[in-house]
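In this note's numbering, the protein residues as written are 24 to 82. Glycine included, C-beta positions come from ideal geometry on N, C-alpha and C. Written out below as structure tokens is the structure these notes cover.
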Amino acid sequence: MTLRACRDCKRIITGTVCPVCKTSNTTTNFQGVMIIFDATSEIAQNLGITAPGKYAIKV
Ligand SMILES: [Zn+2]
24 MTLRACRDCK
34 RIITGTVCPV
44 CKTSNTTTNF
54 QGVMIIFDAT
64 SEIAQNLGIT
74 APGKYAIKV
């Protein structure tokens with residue numbers, strides 16, 4: 024199973040279409056994975072993340 028990252032929201036996904044953005048604008052060429060538990064944290068807000076989950080650091 025290949026992990027992919029959505030280029031729009033940086034979410035790590037397992038399919039080819041981002042379930043949040045409904046886009047196939049995804050890539051396997053991403054660097055780093057971070058897990059956001061608290062979408063209200065400063066890190067999440069800096070990255071524009073609005074929901075907890077796994078995200079790529081660099082897409
Ligand atoms: Zn997305």
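Please name the residue, chosen from C32, A28, R27, M24, that lies closest to N69 on a Cα-to-Cα basis. Position 46 of the sequence shown, counted from the start, is the residue given in the question as residue 69. The residue with the shortest Cα to Cα distance from N69 is C32.
Starting from the N-terminal end, write out each residue whose C-beta falls within a distance shorter than 7 Å of any non-hydrogen atom of ligand 1. Listed by position along the chain, the residues with Cβ atoms less than 7 Å from a non-hydrogen atom of ligand 1 are C29, D31, C32, R34, C41, V43, C44, T46.
Which of helix, strand or coil does DSSP assign to I66? Locating residue 66 in the sequence shown gives position 43, where the first residue counts as 1. Of the three classes helix, strand and coil, the one that applies to I66 here is helix, per DSSP.
So what does R30 bridge to, in DSSP terms? Taking the sequence shown and counting its residues from 1, the one referred to as residue 30 is at position 7. Its beta-bridge partners do not exist; DSSP assigns none.
Spatial distance of S64 from V82 (CA atoms): Working through the sequence shown from its first residue, we reach residue 64 at position 41. Working through the sequence shown from its first residue, we reach residue 82 at position 59. Roughly 21 Å between the two C-alpha positions.
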